[in-house]
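Peer 1:
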Amino acid sequence: MKPIFGRGPSLQLRLFLAVIISIAAIVADSRFGVFSHVRVYLSSLVSPLQYMANAPGIMLDTMSTQVQTRAGLIEQTKQQEQQLFTLRSRLLKMDHLEHENQRLRELLGSPVHKESRKMVAELLSVDSDPFSHQVLINKGALDGVYNGQPVINDQGVIGQVLHVGSTTSRVLLITDSSHGIPVRVLRNDLRAIASGSGELDKLELRNLPRNTDVQVGDLLVTSGLGGRFPEGYPVATVTRSDYVEGKPFAQVEAKPLVALDRLRYLLLLWTDKKPEVHDDEEAPTPAAAPAAAPSAAGATR
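For the sequence shown, position 228 matches number 290 in the working numbering, and the numbering has no gaps at all.
1. Would you please state the rounded distance, in angstroms, between the beta carbons of Asp280 and Val247? I believe it to be under 8 Å.
2. Which first and last residues belong to the beta strand (DSSP E) in which Arg179 is found?
3. Spatial neighbours of Arg179 within its chain, please: CB distance less than 8 Å, with the 5 preceding and 5 following residues excluded, ordered by chain position.
4. Quick one: what does DSSP say Leu270 is sitting in, helix, strand or coil?
5. Could you give the first and the last residue of the continuous beta strand (DSSP E) run that contains Ser303?
6. Determine the closest residue to Leu329 out of Leu287, Glu307, Ala256 and Tyr295, with distance taken between C-alpha atoms.
7. Would Ser240 pass as a contact of Gly258 if the rule is Cβ separation under 8 Å?
8. Expressed to the nearest angstrom, what Euclidean distance is found between the alpha-carbon atoms of Gln222 and Val129?
9. Distance cutoff 8 Å, beta carbons only. Does Leu111 sit that close to anything in chain D?
10. Enumerate in chain order the residues of its own chain whose CB-to-CB distance from Phe147 is below 8 Å, with the five nearest sequence positions on each side excluded.
11. Measuring CB atoms only, is the segment 307 to 326 touching the segment 259 to 267, in the sense that at least three cross pairs come out at less than 8 Å?
12. Just reading off the alpha helix (DSSP H) that Gln74 is part of, what are its end residues?
13. Between Ile82, Gly242, Ser106 and Leu270, which lies nearest to Tyr305 when the distance is taken from Cα to Cα?
14. Going by DSSP in three states, His195 sits in which element: helix, strand or coil?
15. Should Leu235 go down as buried or exposed, given a rule of 16 or more other Cβ atoms within 10 Å for buried?
16. Which of the three DSSP states is assigned to His241 in this structure?
17. DSSP three-state call for Tyr208: helix, strand or coil?
18. Taking DSSP as the reference, what is the three-state secondary structure of Ala355?
19. For the beta strand (DSSP E) holding Thr284, just list the boundary residues, first then last.
20. By the 10 Å Cβ neighbour count, where 16 or more other Cβ atoms means buried, how is Pro110 classified, buried or exposed?
21. Whole angstroms are fine: how far does the CA of Gly289 sit from the CA of Val339?
22. Are Thr237 and Leu322 close, meaning C-beta to C-beta below 8 Å?
23. Per DSSP, which one or two residues make a beta bridge with Lys317?
24. Expressed to the nearest angstrom, what Euclidean distance is found between the alpha-carbon atoms of Glu137 and Glu184?
25. Give the DSSP bridge partners of Ser257, in chain order.
26. Opposite Ala312 in the DSSP bridges: which residues?
27. Tell me whether Ile214 sits in a helix, a strand or coil according to DSSP, three-state version.
28. Quick check on this structure: which residue in Thr299, Pro292, Glu293 and Tyr103 has the alpha carbon closest to the alpha carbon of Val278?
29. When the Cα atoms are used, what is the spatial distance from Val188 to Leu224?
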């Protein structure tokens, strides 16, 4: 009976033949380029496999680059937003400086306004008490913040620092019922005190005579009196100016230029002279400002 499978050549013989064929193929390809077309076809067949093998690495590199690019763009956007915020704040004094230039042509030795140091702060939280208009910011004593420091944004005056912690500070808004800020009417330099009404969209100019020259639409800017707020920063626009029969003083109301219920970034100002704060004082006493209203009003008569 014959076996189904015949015995083939030995392994040594097959290995020898394979080596001879390989050497012949290498010599033929190097001398005559016999397998150049074969290599092209094989490369075409293998390239999809190579692409699939490299795809995960390429995807990871692309995702990493996109994440880094996105993070960089977010940081760059934030920096540019703060720079724009700071630059826009410088425009607040343009109306005041334009008005002041008319006087500089006639007066010699008029004081020159120096550019003050500024720092951008972010809003952390808002006081939940509806009768207390205060906000918390992310700058404190470690950043050089001090009690009574004026706070503005790119629209106008916001308020002043009330309490200073190591890394955070509490800011009292100009509309708080205990706050008062010395202002003047840009149109005629009439001085007054803008007192908080307890409403975020209203200030009151109290103790002004009935014949006071204040008109609806007048712009109120900081007067610089008291040394706490620098002169010339816009505060509010007059929305009401009339008198009620039987009352000795005019009823004057103004709307803050800053949308105090939509704060995000704030700007801390460093003035040439810091208000004196005694060691036993925990915070500035903004409530004292409205008390000065009669004298301020009297000075304008």
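Ideal Cβ positions, reconstructed from N, Cα and C, are used throughout, including at glycine.
Predicted, not measured: the structure shown is a model, and the values here were computed from it.
Peer 2: If we stick to the structure as given:
1. 5 Å
2. Arg179 to Val188
3. Leu331 and Trp332
4. coil
5. Pro296 to Tyr305
6. Tyr295
7. yes
8. 40 Å
9. The structure shown has no chain D; it contains just one protein chain.
10. Val182, Asn215, Asp216, Tyr327 and Leu329
11. yes
12. Leu73 to Phe94
13. Leu270
14. coil
15. buried
16. coil
17. coil
18. For Ala355, the pLDDT reaches just 38, beneath the cut-off of 50, and the residue's location in the model is therefore unreliable, leaving the point undetermined.
19. Leu281 to Thr284
20. exposed
21. Because Val339 sits at a pLDDT of 43, beneath the cut-off of 50, its placement in the model cannot be relied upon, and the following sentence gives the value as read from the coordinates. In a straight line, the C-alpha of Val339 is about 13 Å away from that of Gly289.
22. yes
23. Thr299
24. 15 Å
25. Gly242 and Glu266
26. Tyr305
27. strand
28. Thr299
29. 14 Å
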